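Here the structure is laid out as structure tokens; the discussion comes afterwards.
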Amino acid sequence: MLLARTLDEKFASLYRAGKIHGGVFLGRGQEALSVAVGLNLRKGDVFAPLIRDQAGRLAFGETLLDAARTYLGSALGPMRGRDGNVHRGRPREGYLPMISHLGAMIAVVNGTLLARRFKGVLRTVGATCIGEGATSTGSFHEAINQAAVEKLPLVLVIANNQYAYSTPSSRQFACTSLADRASGYGVDAHSVDGTELAACLSVLAEAVERAREGHGPQMVVARLLRLCGHGEHDDASYVDPRLKASPLGRDCLKVAEQNLLSRQWADAVTIEGWRCEAVHKVEEAVATALREPTPDPYKENWCALASKHLVETHPEV
Amino acid sequence: MSITYLEAIREAQARALAEDPRVFIYGQDVGAFGGAFKATKNLAQEFPGRVIDAPISEDAIVGAAIGAAVEGMRPIIEMQFADFSTPGFNQIVNHAATLYWRTQVPCPITIRLPSGGTSGSGPFHSQSMETLYAHYPGLIVMTPATVEDAYSMLLEAVALDDPVIFCEHKLLYNHLKAESLPTEAVPVGKARLARPGRDMTIVAYSAMVHEALAVADELASEGTEVEIVDLRSIKPLDTDTVMASVARTGRLLCVGESWPWGGVTAEVVSRVACEGFGLLDAPPQRLNAKDTPVPYHPNLWAAHRPTARSIAAAARRLLRI
Ligand SMILES: Cc1ncc(C[n+]2csc(CCOP(=O)(O)OP(=O)(O)O)c2C)c(N)n1
Chain A
194 MLLARTLDEK FASLYRAGKI HGGVFLGRGQ EALSVAVGLN LRKGDVFAPL
244 IRDQAGRLAF GETLLDAART YLGSALGPMR GRDGNVHRGR PREGYLPMIS
294 HLGAMIAVVN GTLLARRFKG VLRTVGATCI GEGATSTGSF HEAINQAAVE
344 KLPLVLVIAN NQYAYSTPSS RQFACTSLAD RASGYGVDAH SVDGTELAAC
394 LSVLAEAVER AREGHGPQMV VARLLRLCGH GEHDDASYVD PRLKASPLGR
444 DCLKVAEQNL LSRQWADAVT IEGWRCEAVH KVEEAVATAL REPTPDPYKE
494 NWCALASKHL VETHPEV
Chain B
435 MSITYLEAIR EAQARALAED PRVFIYGQDV GAFGGAFKAT KNLAQEFPGR
485 VIDAPISEDA IVGAAIGAAV EGMRPIIEMQ FADFSTPGFN QIVNHAATLY
535 WRTQVPCPIT IRLPSGGTSG SGPFHSQSME TLYAHYPGLI VMTPATVEDA
585 YSMLLEAVAL DDPVIFCEHK LLYNHLKAES LPTEAVPVGK ARLARPGRDM
635 TIVAYSAMVH EALAVADELA SEGTEVEIVD LRSIKPLDTD TVMASVARTG
685 RLLCVGESWP WGGVTAEVVS RVACEGFGLL DAPPQRLNAK DTPVPYHPNL
735 WAAHRPTARS IAAAARRLLR I
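Going down the list, the protein sequences come from chains A and B. 194 is the number of the first residue of the first sequence in the working numbering; add one for each residue after it. 435 is the number of the first residue of the second sequence in the working numbering; add one for each residue after it.
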């Protein structure tokens, strides 16, 4: 969580300094939920994170360097400058790179799980995260229904952070809780306070375990608030101040720190030590990525096909 | 006073809302927020109840627009990015595009697509979709390149009785400025001679018109006069104006920002080759983006799309033939 927050903040400051091309999207306020997803997955599981999942990505095993290289456009990163920012992953390692089109990742996770069934690979699960706004897509409905029909070990984590860009949840759905929808699809539902790390960890542990044990898709709905703009270009002035002042608006990282202190599981000095360590690691990864070459259009093969011999040539651009 | 391409789009929508009670705007974040690019800024406040935030449901957004059109309304749909029109593709090409032909009931909807590449935007926020939509019978596809056209063509799109795909280029939004809004307009379906010249014709549309104009300036200093045709709408495509230009110059280069397989440039070249072969002094040429998704990194992006530099190189090659 702390590492993710530190990395996100570094990206935000690089963005303000004009060092990042394109947008920057933070997971501020969603780290407890996201990290709980990543921590409950094992090697061999599948994870398709979305834009606010830096914490889950790191917990699942993404390196700081992969993240830094992608944001900073290093030619050595997993996306080699072809794609950027949150659009990164390593499919062969079960870490799927999102496309922007919301809702599109769920069915793809389903497909990986179907394939594992064909191949006789047992007891792996697939998890994916999504915002409440993206539950309005047709893709969301098609994919969760598909997973239910196939009884796939899918863990679908919905972060209801109250806003989809500027649009409040009330303009997205009219049910009381998105968890109410689960029974209509015939899948299990779990609700959780997304600002409480301990709650997130235990709910996700249960959901992942149930999926792994063959109880079919698990829908997890977390209540929280997006504590940043949609992207760093957005000042989020539309967010209702009453929400910010409500329990939903608590910063999960601060809540977790408070818990550690009050239970005397860690003291302030230790936490400060972790913070320094996180800053150090992040600075190191960013410095490395910044030193690396950016993609060279003359070295690019400009080829979108794996069947290289079938690539057509077109007049030079 | 000066007005940007983006402001012209906003002003056209304000005027359409003011003048026609059948008009409403529907799309993600278009209400109080004013849209991801601010193309509907303040419209929700000025026209209460008529500028409505939609859920992230492109299929349902277009479907609802079709239903409203059947009831006699004239919806304007804003897709947050052209790329995100694909979940609504089915409703656009199979429903909106076929309705009039099947039933004689018109489907007057305008779908605004913030289109084209901008640096750092990557494969899913950069696409040019005009070719796909133009392929389907029953749709009109507009690709305005100027502030004046952004304004007048959007008004015309709303007034037309057919579904219109309105491709507005994001790169032009804030860069392109005009002194004032136009009071009269070239009708839809007519191309515009953006610059007269006698040595070769460059046919372009949308942002590429401006790259081509830069090339014409450059080549003019070398004594070559390039004529530039701005297609304005790619469907209908004004073959007559293109052909008349080629008749004057004998040389054709057609430039587009979308991918090289098929598309607008291929359509123009094939029409000229079929109908005006005898007018050509050299084989007609076309220049498009490279045949890969639109890359994220600015180094790659700048090499992926045609630019004044690559267009100038293509133009010089054509002049030597
Ligand atoms: C199909 C589709 N339509 C529109 C968009 C543009 N868009 C990107 S993020 C976003 C809001 C997402 O809100 P939500 O799903 O609640 O996630 P959050 O950003 O709150 O985490 C929108 C509309 C998109 N990416 N995909």
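For every residue, glycine included, the Cβ atom is placed at its ideal position computed from N, Cα and C. Nothing here was measured: the structure is a model prediction, and the numbers come from that model.
> Looking at the structure shown, is B:Thr741 part of a helix, part of a strand, or coil, going by DSSP?
Replying inline: Looking at B:Thr741 - three-state DSSP - the assignment turns out to be coil, as it is neither helix nor strand.
>> Considering only the alpha carbon of each residue, which of A:Leu219, A:Met412, A:Ala225, A:Tyr358 lies closest to A:Ala252?
In response: Of A:Leu219, A:Met412, A:Ala225, A:Tyr358, the smallest CA-CA separation from A:Ala252 is found for A:Ala225.
> Is it the case that the Cβ atoms of A:Asp444 and A:Gly237 are separated by a distance below 8 Å?
Replying inline: Against a cut-off of 8 Å, the Cβ pair of A:Gly237 and A:Asp444 comes out as no contact.
> When you check each C-beta in the segment 588-614 of chain B against every C-beta of chain A, which residues fall closer than 9 Å?
Replying inline: Cβ contacts with chain A come from no residue of the segment 588-614 of chain B.
> Relative to ligand 1, is the shortest distance from any of its heavy atoms to the C-beta of A:Gln451 smaller than 7 Å?
Replying inline: No, the Cβ of A:Gln451 stays beyond 7 Å of every heavy atom of ligand 1.
> Helix, strand or coil: which one does DSSP assign to B:Ser416?
Replying inline: Outside the modelled stretch of chain B, which goes from 435 to 755, sits residue 416 of chain B, for which no answer is possible.
> With B:Ala628 and B:Leu647 assumed to form a contact (beta carbons below 8 Å), what rounded beta-carbon distance in angstroms separates them?
Replying inline: That belief holds up - the Cβ atoms of B:Ala628 and B:Leu647 are roughly 6 Å apart, short of 8 Å.
>> Is there a Cβ of chain A sitting closer than 8 Å to that of B:Pro718, yes or no?
In response: Residue-level contact check: B:Pro718 does not touch chain A, since none of the beta carbons of chain A fall below 8 Å from its beta carbon.
> Quick one: what does DSSP say B:Ile755 is sitting in, helix, strand or coil?
Replying inline: In the three-state reduction of the DSSP assignment, B:Ile755 falls in the coil class, being assigned neither a helical nor a strand state.
>> Is any non-hydrogen atom of ligand 1 found closer than 7 Å to the C-beta of A:Ser376, if you look at the structure I gave you?
In response: Between ligand 1 and A:Ser376, a heavy atom-to-CB distance of less than 7 Å is absent.
> For A:Cys421, is the classification buried or exposed, using 16 other Cβ atoms within 10 angstroms of its Cβ as the cut-off for buried?
Replying inline: So A:Cys421 ends up on the buried side.
> Taking buried to mean at least 16 other C-beta atoms within 10 Å of its own C-beta, is A:Asp381 buried or exposed?
Replying inline: Flag for A:Asp381 reads buried.
> Should the segment 582-591 of chain B be called in touch with the segment 445-454 of chain B, which here means at least 3 C-beta pairs below 8 Å?
Replying inline: With a cut-off of 8 Å, the segment 445-454 of chain B and the segment 582-591 of chain B count as touching, because enough Cβ pairs lie within range.
>> My assumption, with CB atoms under 8 Å, is that B:Gly551 sits in contact with B:Tyr730. Please give the rounded CB distance.
In response: With 8 Å as the limit, B:Gly551 and B:Tyr730 do not qualify as a contact, their Cβ atoms being about 10 Å apart.
> Is B:Ser549 buried or exposed, if buried means 16 or more other CB atoms sit within 10 Å of its CB?
Replying inline: With 16 or more neighbouring CB atoms inside 10 Å of its own CB, B:Ser549 falls in the buried class.
>> Can you tell me whether B:Lys403 is buried or exposed? The criterion is at least 16 other CB atoms within 10 Å of its CB, across all chains shown.
In response: As shown, chain B starts at 435 and ends at 755. That puts residue 403 of chain B outside it, with no answer to give.
>> What I want to know is whether the C-beta of A:His423 ends up closer than 7 Å to one or more non-hydrogen atoms of ligand 1.
In response: Checking the Cβ of A:His423 against ligand 1 gives yes.
> Hey, B:Thr741 and B:Leu686 are a contact pair by Cβ (cut 8 Å); roughly how many whole angstroms apart?
Replying inline: Actually they do not touch by this definition, with Cβ atoms about 20 Å apart.
> Can you find a CB in chain B that lies within less than 8 Å of the CB of A:Cys445?
Replying inline: With 8 Å as the cut-off, A:Cys445 does not count as an interface residue toward chain B.
> For the segment 616-680 of chain B, which segments carrying the beta strand (DSSP E) assignment without a break, of at least 3 residues, lie completely within its bounds, in sequence order?
Replying inline: Fully enclosed beta strand (DSSP E) runs of 3 or longer: 626-629, 634-638, 660-664, 667-669.
> At a Cβ threshold of 8 Å, is B:Tyr639 touching chain A?
Replying inline: It does not; no Cβ of chain A falls within 8 Å.
> Three or more beta-carbon pairs under 8 Å between the segment 252-272 of chain A and the segment 300-315 of chain A, yes or no?
Replying inline: In short, these stretches do not touch, since the Cβ pair count stays below three.
> Between which two residues does the beta strand (DSSP E) harbouring A:Ala154 extend?
Replying inline: Nothing about residue 154 of chain A can be reported from this structure: the residues present for chain A run from 194 to 510 only.
> Cβ of A:Thr463 less than 8 Å from any chain B Cβ?
Replying inline: Cβ-Cβ to chain B under 8 Å: no for A:Thr463.
>> Which residue marks the beginning of the alpha helix (DSSP H) containing A:Ser395, and which one marks its end?
In response: Run containing A:Ser395: 390-405, per the alpha helix (DSSP H) assignment.
>> Below 7 Å, is the gap between the Cβ of A:Thr321 and the nearest heavy atom of ligand 1?
In response: Flag unset: Cβ of A:Thr321 not near ligand 1.
> Which residues, taken in chain order from the segment 474-500 of chain B, show a beta carbon closer than 7 Å to some beta carbon of chain A?
Replying inline: Those would be Asp487, Pro489, Ile490, Ser491, Asp493, in chain order.
> Does any heavy atom of ligand 1 sit closer than 7 Å to the C-beta of A:Pro290?
Replying inline: In this structure, A:Pro290 has its beta carbon at no less than 7 Å from each heavy atom of ligand 1.
> Where does A:Gly326 fall in DSSP's three states?
Replying inline: Looking at A:Gly326 - three-state DSSP - the assignment turns out to be helix.
> Which residues in chain B sit within 7 Å of A:Glu255, going by Cβ to Cβ distance?
Replying inline: Chain-order list of chain B residues neighbouring A:Glu255: empty, with the shortest C-beta distance near 18 Å, by a criterion of under 7 Å.
> What's the C-alpha gap between B:Val457 and B:Ala499?
Replying inline: Cα-Cα distance, rounded: 11 Å.
> How about A:Ile292: is its C-beta nearer than 8 Å to some C-beta of chain B?
Replying inline: Output row for A:Ile292: interface = yes.
> Thinking C-beta only, is B:Val698 closer than 8 Å to B:Thr520?
Replying inline: No. Outside cutoff.
> To which residues of the same chain is B:Gly696 closer than 7 Å at the C-beta, ignoring the five residues directly before and after it?
Replying inline: Thr565.
>> Can you look up B:Phe518 in the DSSP assignment and give me helix, strand or coil?
In response: Helix.
> The beta strand (DSSP E) spanning B:Asp487 covers which residue range?
Replying inline: Unbroken beta strand (DSSP E) run through B:Asp487: 485-487.
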